[in-house]
Structures are given as structure tokens and as C-alpha cells.
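Going by this note's numbering, the sequence shown opens with residue 3, and the numbers climb by one from there.
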Amino acid sequence: MLQQYQEAIENSNIVSKTDVNGIITFVNDEFCKISGYTKSELLGKNHNIVRDPTVPASKFKLLWQTIKEKKIYKSTVKNRAKDGSTFYVNTTVIPILDEKGAIEEFIAIRYDVTQEVFYKESLEKKERELELLNAELEKRVETKTKALKELNETLEKRVKEEIQKNEEKQKVMFWQSRFASLGEMLANIAHQWRQPLTELSLTLFSLRKAAIDTNEKEIETLYSESKELIQSMSNTIEDFSNFFKPDKQKEHFTVGESIEEALLLLKRVLQKDMIQVKTSYEEVPVLGIPNEFTQVIVNLLKNARDAFVENGVLIREITIDVSQKEKQAVVTVEDNAGGIKEKERYKIFEPYFTTKHTSQGTGLGLFMSKMICEKGFNGALDVRSKKGTTKFTITIPLDGEDEK
3 MLQQYQEAIE
13 NSNIVSKTDV
23 NGIITFVNDE
33 FCKISGYTKS
43 ELLGKNHNIV
53 RDPTVPASKF
63 KLLWQTIKEK
73 KIYKSTVKNR
83 AKDGSTFYVN
93 TTVIPILDEK
103 GAIEEFIAIR
113 YDVTQEVFYK
123 ESLEKKEREL
133 ELLNAELEKR
143 VETKTKALKE
153 LNETLEKRVK
163 EEIQKNEEKQ
173 KVMFWQSRFA
183 SLGEMLANIA
193 HQWRQPLTEL
203 SLTLFSLRKA
213 AIDTNEKEIE
223 TLYSESKELI
233 QSMSNTIEDF
243 SNFFKPDKQK
253 EHFTVGESIE
263 EALLLLKRVL
273 QKDMIQVKTS
283 YEEVPVLGIP
293 NEFTQVIVNL
303 LKNARDAFVE
313 NGVLIREITI
323 DVSQKEKQAV
333 VTVEDNAGGI
343 KEKERYKIFE
353 PYFTTKHTSQ
363 GTGLGLFMSK
373 MICEKGFNGA
383 LDVRSKKGTT
393 KFTITIPLDG
403 EDEK
């Protein structure tokens, strides 16, 4: 029976014996397998043949002090194999006493925990990286928040300058609408962050569970997802900051790119309300201020979104088409949100006219959009509505053909 117990231990564990001076007198096959040495290379050698030189000497001093006091020593030990590789074992060293109570030999029973230690070290490394990423994100958020505040102060200053230069009512209303859009866009930032923050929380929870289960592949996948979510949140700040840059220099830009920027700004709002947007672009360059044209598209998309919700339309589709006809760029934005009443169609471009509740609209969006098209691009903005659909058409002369 004792022989069977001995065989069971030797076959399932890493076992070695030494004399009182630490000279190896016995090793089993598992010891040879993990260390890479043969029995003949081990027997008669000091047990420190597998000692890792990076382990502090104080740890081995404690080991010898403990077992020489006839006590059992337990620890996770870092060792070095014959080929120079590292392996970790949970080790129990037991002093064997003779009939007189003197130490006769030491027996060490171990089991391999190398993978568990490597997983732990990998997880700790990734946690440090996540901490650095979070610190970097906080720094970038602080920087972008400061930039947005400075931008807001710049916009306020420009409003004052415009009012001082020209008391025309239209310019005052333009900037009123600009500020309203800024407030709505800042609200969109909060909306766009809510979902990724939830996803990041769930991912970190799953990362912790994967670490407990020592699932290295899952840890790597979840780690990558976390970095992508953090980067996406950072990109959101960049997108909205670029949208409101106080840049008033005209330049040549492609209409399709400006529309894509508007779609990116409203991406989560459109997804949340299950609105499908179909696009078809010809590459048409125009002269003007890209941010202002993007704002026109944002206004048209938001009006369509509000109409979908208000009218309870189930299948929600917006079609955007860009084409070149003669010497003009033609952009159409068509929706199936229920159309516009005939008596309202002639008023929708008037300032402060709105069919929405006062908490939902200022009545300046379409007025400002028409003014941008006409004064900023020397073009036009028109609307037609029939059979539950509404189509806005923007026409812009190419290369400032009509510019005076």
C-alpha cells in the first residue's frame, strides 16, 4: 500500500530528494522533464543546479533556515532549466527525520505553475498599459476640453465683433443658430460617449473573468477591444472639435467628404433612431468653407430625424445624392418622414419659424442653412414635398462661377 502511494505521488508531481547538505540523491521522471537534465546529470549534484540566479539569496537563506529547524517550507520558486528557460513550481520541502529525531534527508514535492505565473505577469503588464492609456485619455480629454472652452470664448468674441461691425438682423441670427448648434453638438458628445463607456465597463469585467480563467487568447482580444473603445472616444472629441474650428477661409473641398463628416457627427443618433442613410456621390469639388456646408447637411439630417420621430414612421430612410449638372454641383437630401404641409412649405426658411416645441428647435436651422448656401456659396437651397416625402436641393456654382 505504501509503495502505491509513493508511485502515485511520483507520477503526478515533481519530486526530488537531497541529503542534509543539499546534494541530490533522487529525482523522478517529471523532475527531469521540466528541468531538461537527465538523472545522471542531476544525481550527486547540488540542488542549486536548477537555481535561477535572479532570485535573491535571502529567499534560499530562509528556505534552509526553515527546514533545518525541522519545519516544512512552502513557496512558489523560480528555477532555470538546462536550456536556460525559466519555470515556476509550487514547492513543499519536508525534512525526513530518523528514529532519533535527527534530519536524515529532505524531500521536495512540486507541481508546475509556470503558465499561471506567466498569465499573471501578462495581466499585470496589460493592467499597467491600461492605466497609462487611461492617464493619456484623461490628459487628452483635459486638453480638448480646454480647447473647446477656448473655442467657445473665440466664438463669443467673434459674435461681439460681428455685431459691432454690422447690426444686420441676419448676421445676428446666424450666430444665434451657431451657438444653438454648438450646444446640441456638445450634447451629442455626451450621447456618443454613453454607449462606449458602458461597453468599456463590460469589457473590463470580461477581462477580469478571462484572467481568472487564465484564458490568454480572450485576454488579448478584450485588451484590444478596450484600446479601440478608448481610441474611439478620443476620436469623438477630435471630430466635434474640428467641426467647430473658427476657420473662415474659403477653400476647395469635395462635397462628398463634407457630407461624410456630417454623417459621422450624427452616426450614433441615426443608429439609435434606426435611420438608414443611402448615399451616392460624384466627385464634385466646390469653393467655400467646409464646416459651414457640413452644418447645412447636419441641419437637414436633424430635421429629418425629428420628423421621423414626431410622425412615428417605422421604416426610416434618407437618400443623399451628389451630382454635377452643367456648371453646378447639385446635392439632394430626400426623406420619407411624412412630408411638409403645403401651408408650412413656404415658411420653413423664415427665421424663427418652427413646427417643433420650443424646447426642441429655435427655428433658425433652415434659415441659417439657406443663408449659408446663398451667401457663403453663391448657391441656392430649395425644398419640394409630395406623397410623404421631402426633398431638399442644394445647388452650388463650380469654382465660384457666380461669385462677384
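Glycine residues also receive a C-beta, built at the ideal position from the N, C-alpha and C atoms.
Treat the numbers as computed from the prediction; the structure is a model and nothing was measured.
Check: Coarse secondary structure for Gly378, derived from DSSP in three states; Outcome: helix
Check: Cutoff 8 angstroms; reference Asn313; Cβ partners in own chain excluding five residues on either side; Outcome: Ala339 and Gly340
Check: Whether Val95 touches Ala110 by CB criterion (8 angstroms); Outcome: yes
Check: Reduced DSSP category for Lys162 - H, G, I as helix; E, B as strand; rest coil; Outcome: helix
Check: Cβ contact (3+ pairs, closer than 8 angstroms) linking the segment 252–267 and the segment 217–227; Outcome: no
Check: 8 angstroms contact criterion, which Leu400 and Lys327 should meet: CB distance rounded; Outcome: Not a contact, Cβ separation roughly 10 angstroms.
Check: Start and end residues, alpha helix (DSSP H) containing Asp308; Outcome: Pro292 to Asn313
Check: Cβ separation of Phe108 and Thr20, assumed to be a contact under 8 angstroms, to the nearest whole Å; Outcome: 5 angstroms
Check: Cα-Cα separation, Ser37 to Asp100; Outcome: 30 angstroms
Check: Best match in Phe295, Thr334, Asn136 and Gly46 for proximity to Gly24 [C-alpha to C-alpha]; Outcome: Gly46
Check: Length of the line joining the Cα atoms of Asp275 and Phe89; Outcome: 55 angstroms
Check: Rounded straight-line distance, which links the Cα of Asn305 to that of Gly430; Outcome: As displayed, the chain neither begins before 3 nor continues past 406, which places residue 430 out of reach and without an answer.
Check: Lys393 versus Leu289: straight-line alpha-carbon distance, rounded; Outcome: 24 angstroms
Check: C-beta neighbour in chain D for Gly341, strict 8 angstroms; Outcome: Looking for chain D here will not work: only one protein chain is present.
Check: Identity of the residues DSSP links to Phe108 by a beta bridge; Outcome: Thr20 and Pro97
Check: Residues near Glu118 by beta carbon distance below 7 angstroms, same chain, minus five either side; Outcome: Thr216
Check: Spatial distance of Ile214 from Glu284 (CA atoms); Outcome: 53 angstroms
Check: Contacts around Thr56, its chain only, beta-carbon distance under 8 angstroms, and the 5 residues preceding and following it disregarded; Outcome: Lys80
Check: 8 angstroms contact criterion, which Ile398 and Gln297 should meet: CB distance rounded; Outcome: Contact doesn't hold; Cβ gap of about 15 angstroms is too wide.
Check: Per-residue DSSP class, three states only, for Gln326; Outcome: strand
Check: Beta carbon of Ile277 nearer than 8 angstroms to that of Ile322; Outcome: no
Check: Beta carbon of Val311 nearer than 8 angstroms to that of Val286; Outcome: no
Check: Span of the alpha helix (DSSP H), counted from its first residue to its last, around Phe33; Outcome: Asp31 to Ser37
Check: Candidates Glu106, Asp85 and Pro58: closest to Lys72 by CA position; Outcome: Glu106
Check: Bridge partner(s) assigned by DSSP for Val79; Outcome: Val91
Check: Coarse secondary structure for Val385, derived from DSSP in three states; Outcome: strand
Check: Whole-number beta carbon distance between Leu302 and Ser371, since they are thought to touch under 8 angstroms; Outcome: 7 angstroms
Check: Residue environment, Lys228, which counts as buried when at least 16 other CB atoms sit within 10 Å; Outcome: The sequence as given places Ser at residue 228; Lys does not occur at that position. Its Cβ being crowded by 16 or more others within 10 Å, Ser228 is buried.
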